[in-house]
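The next block holds one structure in the form of structure tokens; read it before the comments.
Number of protein chains: 4
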Amino acid sequence: MIITMSSGATKKDITRVKEKIKELGYESKIFKGVKKTVIHVIGATDRERITQSIEQLPAVERLTPILSPFKMGSREFHPENTIVSVNGKTIGGEEIVIMAGPCSVESEDIVLEIAKAVKEAGAKILRGGAFKPRSSPYSFQGMGEKGLKILAEAREQTGLSIITEVVSEVDVPLVAKYADILQIGARNMQNYQLLKTVGRFNKPVLLKRGISATIEEWLMSAEYIQSEGNHDVILCERGIRTFETYTRYTLDISTVPVIKELSHLPIIVDPSHPAGNSKYVPALARAAIAAGADGILMEVHTQPSQALSDGKQSVKPIVFKELMHDLKNIAKVVGRKI
Amino acid sequence: MIITMSSGATKKDITRVKEKIKELGYESKIFKGVKKTVIHVIGATDRERITQSIEQLPAVERLTPILSPFKMGSREFHPENTIVSVNGKTIGGEEIVIMAGPCSVESEDIVLEIAKAVKEAGAKILRGGAFKPRSSPYSFQGMGEKGLKILAEAREQTGLSIITEVVSEVDVPLVAKYADILQIGARNMQNYQLLKTVGRFNKPVLLKRGISATIEEWLMSAEYIQSEGNHDVILCERGIRTFETYTRYTLDISTVPVIKELSHLPIIVDPSHPAGNSKYVPALARAAIAAGADGILMEVHTQPSQALSDGKQSVKPIVFKELMHDLKNIAKVVGRKI
Amino acid sequence: MIITMSSGATKKDITRVKEKIKELGYESKIFKGVKKTVIHVIGATDRERITQSIEQLPAVERLTPILSPFKMGSREFHPENTIVSVNGKTIGGEEIVIMAGPCSVESEDIVLEIAKAVKEAGAKILRGGAFKPRSSPYSFQGMGEKGLKILAEAREQTGLSIITEVVSEVDVPLVAKYADILQIGARNMQNYQLLKTVGRFNKPVLLKRGISATIEEWLMSAEYIQSEGNHDVILCERGIRTFETYTRYTLDISTVPVIKELSHLPIIVDPSHPAGNSKYVPALARAAIAAGADGILMEVHTQPSQALSDGKQSVKPIVFKELMHDLKNIAKVVGRKI
Amino acid sequence: MIITMSSGATKKDITRVKEKIKELGYESKIFKGVKKTVIHVIGATDRERITQSIEQLPAVERLTPILSPFKMGSREFHPENTIVSVNGKTIGGEEIVIMAGPCSVESEDIVLEIAKAVKEAGAKILRGGAFKPRSSPYSFQGMGEKGLKILAEAREQTGLSIITEVVSEVDVPLVAKYADILQIGARNMQNYQLLKTVGRFNKPVLLKRGISATIEEWLMSAEYIQSEGNHDVILCERGIRTFETYTRYTLDISTVPVIKELSHLPIIVDPSHPAGNSKYVPALARAAIAAGADGILMEVHTQPSQALSDGKQSVKPIVFKELMHDLKNIAKVVGRKI
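One line per chain: the protein sequences are A, B, C and D, in this order.
In terms of my numbering, the first sequence opens at residue 203 and continues consecutively.
In terms of my numbering, the second sequence opens at residue 203 and continues consecutively.
In terms of my numbering, the third sequence opens at residue 203 and continues consecutively.
In terms of my numbering, the fourth sequence opens at residue 203 and continues consecutively.
This is the structure:
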């Protein structure tokens, strides 16, 4: 059950509602929007009793039962799209945002070279991993803070915002110091301690879907972040695991219209990981924008064959540039712009 | 191993090669193209010996080893796209073909009404099932020949070509009498007797991917049709089965660029079955064209709630018309036309 | 809705009920058991009206609503286990039946050699394919009728009953002439014409689960056979397709207790196809019996490396003999015998 | 590449080898067994050069190339079974160990009641969650340290060892203070920071398979623990996610023989989570022991309907007791004992 307070509700009005909920035996969570405050009654089963007790309190505008297990992420709760702001750019609004860069940060020279190339082609955000979750403990694990500094330097020189992954709750303060968007990878989609930790920071979070997470579980993981107070969650579809082996994962393109219906959160698509091969990336990126995605997160590298990770699925800047041209035109067809 | 004969090869030249292959202990299959004839040496393991024996025979242009398990469907074997002709329309060329209509043929009035609506919006081919494979023996199983006659009548009145499913090898002659394209459904993708039977008819075949068939198995099933002499095979991606339940199946959009790389056969996309819900169909159709598909096969119904099957995933003509507008514009972006 | 007639119901009583159902606007199917006749009202939605009209007719014992989509296969409908008889042996009763033999029939000598070996170790039924559904049209497709004759000869010499696959509705009369049990393979689980055809023959049918069929779809396919009048259906779990590649398929061992709860039909397990490797077969066979399966269908070959198909997953007779020893002991633990 | 030192190798001999490896440009990891020390050369590509440089150094017994991506967990590296000791009981040896208890620790009374019941039936280890990873942030998240104290009290009173889950790297020292075995849940199988952390503690770790992890990825995650120095890793199969919905997950029983072939680590089976329903649990537990598992981890509750989590899949003590009887008999058949 969600209680929407009227726009003029005072602190006292809100406290009064909160106490009433407690009196009825339920917990509550406050969600402060730009215009209105809403209060989530957790586990509310006896709707009639709650309605009777609360609807006549001062400044209570309306009560909405939320049937889906995800509450704050639900469109029932928040009908308009959430628009996330990152250094003046917006994600989830009319504009489609392209995030591009190397899989992992390997050296300052290469990162700068790639950053300039993707910026020139129209990307607004630079991606790059400093902490890399790798299947093998014997593989390159990322440069750590040194990598974060390189990303910050690239931001300085190009004006691009930066997104980078955080893999440990302990590292969140460090990564948040440098990054504009905190990325939670697919392997950590249900690392709830990490989700709660980023939920307490004031930085947008990009939450990748786990390789076998249902859409509902994914939205429940977003809820872990939102329920700690951080409402700037961006969802990122990156392919699910199926029996098919010609591609690395199976891009579940249907999540785009499904998420748009169920949730107000922005959804972007990573075409690189499901493809697993740079040859297929442009087709998947075009499909994502045509399906209605709010952005693309993809791997671009100037020397893919030299990359320390995921080189095979990284496209070259020349391919990225041509792709951006197509994406701009498709964006227009679906009433958006890049 | 594939032997390409030069364009001036005579019947005698071809027979000579065929006999040589037999002498070496292998079977062969002849594939006659518009310009050149190619000969497939089945199970050829001793490449060197075959090459030495055959490359100097008259009119032998070149020998190509085909490493993939599918031979006639492989792009190694036939580098240019196969273009299938259906009553003057082409599938697999520059033009993108839209096939639309009801899931099943239910009455002449409804079929004609739908046929006129989809034609007006720009569809070129009318779909509709007269023989329906249903999970339950207690569900409506289709109108049979009466349904085929209704489709033929709709063709007569609208000029649309018709595609309809055949579910039994015994019914192939009957269905082929009425249909312009024979459809093999997902459940029958590995019904090899049915594949061989349609392979002996002179009608294009649309082969849907099984719900858990790998791309390789799908191309091997196409090979069953091609190896009987029918080269007009159109592949149709219609979603695979995964753990996700918000959609009926998971549209594997990546198959579009993968098939385009591996094979010369046209590939079209059915956005209705994976969606399972008309709300998601337009997004998937747009994604398919953006990804490079050669066409769309989708369910349109004037009264979805009254449909005897799959009404939930059928869009109304008004939605179809708007979608066609978008598809035409996306086709332009990817260098195609509708 | 299922109507159970009392044990003394006459033909006239049954006809009266049938006509009443027709009058109410529904179709019906008669299912004659050893003691009682039951009548299935198809698509019955208005339960109250049906009950009122029918419960007072003579010889009507009781009306049972069947909520599951499968009716005749449901345990609600038929609480006791179905016991299938094959030449005096029973499947689904106290005894556990072992079916073993080569993947495909390749020569009389080899089949006889294998038949004698599996008989000696305790198998009761000989398996072997004469019509082989193969992914590639260029692979060995089976010996056809010649293979069936070899199986019949092996039956003659050993007393083993024989089970063999039928892949085409056209071949059913031929295969039924030789086989004691007709096998429907995984690829044809939803080849409804084939299911209906074997449903009209008086031979037990072993129905393998499709590689991505849900348990419900599998029981619905059994329903196609049962609803044509053939009630001797044996289910066979043979592994489903998942992302895991160390094994050929993933044996879904849970189907054994699930089917036992939902249905009265016998369920046996094929440990060879999911394993894909003879090393893993004994463990899976033991697990199947421990889980409560009614039998095992497995591949045994005297010279696995020479087999024309599936040699890798065929165990040698010496391994089979040791396994039979373990299976007998596990059968005792679960209150059964081999 | 793995270098096995002879049993009399001195510290100096080992250091010499280590330095040689460094000189050749590779990193190394030391693995000290009871009798022999082995050294892992990481990423060794130039085998010939390494062999020539190292095989003649003092106390080098032999060099073994390990082709699998997992090294320390590979049977090539360590042919005998690893036997993990927990308070005098062994896991991975002749004896099969049963771990049972409630899903989550809810109150001292209930935990003690269950502990006594499972002990009486023959369980050796008590399971129970104090930190619960839940899909919803609004669900019961566990009692935390209070729950750990209750488990310790149950150990005190019954003599059972205790296994409990740790969900955060930060909590490892706290959980390790109370638990005898640290459990890593399926959701955290690729939470590498957590794996590394438990790898530095001197407590056995039970590592559950992720719901869509391949066997290789699972063994690679074990490698994260082993490569930090903790060799007491117990693998636990708990079902994978597939399309089938009659069960909560699909128990992949084949992992038991596959892991036994690939690795020396003990493997146990959790029949409760894949079943998702207590009705199916005994069949799966019997199957696991028949397949060769080293133990069972299952949920038992005295009042399943009152459990705060997973009550539906918890069996009652009476069922558990009967099951133990069967398991003991099946253990004998496969040459083991409980």
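Note that beta-carbon positions come from the ideal geometry of N, C-alpha and C, so glycine has one too.
Keep in mind the model is a prediction, meaning the values are calculated, not measured.
Residue i at chain A interface by Cβ criterion, 8 Å
i, result
"Y451 of chain D", "no"
"K481 of chain B", "yes"
"R440 of chain C", "no"
"R443 of chain C", "yes"
"E446 of chain D", "no"
"G227 of chain D", "no"
"E524 of chain D", "no"
is_contact[residue i, chain C] using C-beta, thresh 8 Å
i, result
"T416 of chain A", "no"
"M422 of chain B", "yes"
"V458 of chain D", "yes"
"E296 of chain D", "no"
"I436 of chain B", "no"
"N195 of chain B", "Limits of chain B in this structure are 203 at one end and 540 at the other, which puts residue 195 of chain B out of reach."
Terminal residues of the alpha helix (DSSP H) in which residue i lies
i, result
"T217 of chain A", "K213 to E225"
"I491 of chain B", "V483 to A493"
"A147 of chain B", "With chain B running from 203 to 540 in the structure shown, residue 147 of chain B is simply not present."
Residue-chain proximity (residue i, chain D), Cβ-Cβ < 8 Å
i, result
"M203 of chain A", "no"
"R249 of chain C", "no"
The beta strand (DSSP E) enclosing residue i, as first and last residue numbers
i, result
"E367 of chain B", "S363 to E367"
"T447 of chain C", "Note, T447 of chain C: premise wrong, no beta strand (DSSP E); not H, not E."
"K234 of chain B", "E229 to K234"
"V407 of chain A", "V407 to K410"
"E263 of chain B", "V262 to T266"
"T292 of chain B", "K291 to I293"
Proximity winner among the options, relative to residue i (alpha-carbon distances)
i, options, result
"F272 of chain A", "A:G441, A:T416 and A:E322", "A:T416"
"E296 of chain A", "A:L259, A:S511, A:R411 and A:D496", "A:D496"
"T266 of chain A", "A:S287, A:I285, A:H242 and A:V286", "A:H242"
"V502 of chain A", "A:R329, A:L259 and A:G346", "A:R329"
"D373 of chain D", "D:Q395, D:A354 and D:L362", "D:Q395"
"H280 of chain D", "D:F445, D:M203 and D:V320", "D:M203"
"F522 of chain D", "D:D454, D:Y482 and D:V286", "D:Y482"
"E371 of chain A", "A:D382, A:A477 and A:I386", "A:I386"
"V369 of chain D", "A:G537, A:N390, A:L525 and A:K237", "A:N390"
"T366 of chain C", "C:Q359, C:D382 and C:L259", "C:D382"
"T292 of chain A", "A:I469, A:S480 and A:S306", "A:I469"
Proximity below 8 Å, CB of residue i to CB of residue j
i, j, result
"H466 of chain D", "N283 of chain D", "yes"
"L226 of chain D", "R251 of chain D", "yes"
"K224 of chain A", "I244 of chain A", "no"
"A332 of chain B", "L314 of chain B", "no"
"A261 of chain B", "D215 of chain B", "yes"
"M500 of chain D", "A356 of chain D", "no"
"K237 of chain D", "M207 of chain D", "no"
"L384 of chain C", "V400 of chain C", "yes"
"Q508 of chain A", "G275 of chain A", "no"
"A490 of chain A", "V536 of chain A", "no"
DSSP beta-bridge partners of residue i
i, result
"G324 of chain B", "Paired residues: none, contrary to the question."
"D248 of chain D", "Looking at the DSSP assignment, D248 of chain D forms no beta bridge with any residue, so it has no partner."
"H242 of chain D", "D:I204 and D:K231"
"G497 of chain A", "A:V299"
Residue-level contact to chain B via CB, residue i, 8 Å cutoff
i, result
"E463 of chain A", "yes"
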